[in-house]
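One structure below.
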Amino acid sequence: PMRVPYILENRPGYTTPFMNLFQGSAGNYPGGQITGVPGYNAAKLAVAMNSGFK
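Under our numbering, think of the first position of the sequence shown as 762, with each following residue one higher.
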């Protein structure tokens with residue numbers, strides 16, 4: 762929903778309650794108008810969080 766609590770930096774994060782499941786969509790910061798950035802940010806976070814795995 763586009764309400765004040767969900768605008769800009771207040772959008773949901775890239776992590777979920779499920780281990781190793783990340784979300785990167787138009788609903789995440791910075792939003793759908795900036796193509797590919799939410800997915801890129803989610804991928805960077807996933808790599809950073811799992812960099813110790815082989």
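Backbone N, C-alpha and C fix where the C-beta goes; we use that ideal spot for every residue, glycine too.
| Asked | Found |
| --- | --- |
| Classification of Phe783 by the beta-carbon crowding that lies within 10 angstroms, buried from 16 upward | buried |
| Nonlocal neighbours in the same chain, by C-beta distance under 7 Å from Gly788, ignoring five residues either side | Arg772 and Pro773 |
| Which listed residue (Asn781, Arg764 and Glu770) has its alpha carbon closest to that of Val808 | Asn781 |
| Buried versus exposed call for Pro750 [16 or more other C-beta atoms within 10 Å across all chains shown] | In the structure as shown, the chain starts at 762 and stops at 815, and residue 750 therefore has no counterpart that could be examined. |
| Cβ neighbour criterion (16 or more within 10 Å) applied to Pro775 | Looking at the sequence provided, one finds Tyr at residue 775 rather than Pro. So Tyr775 ends up on the buried side. |
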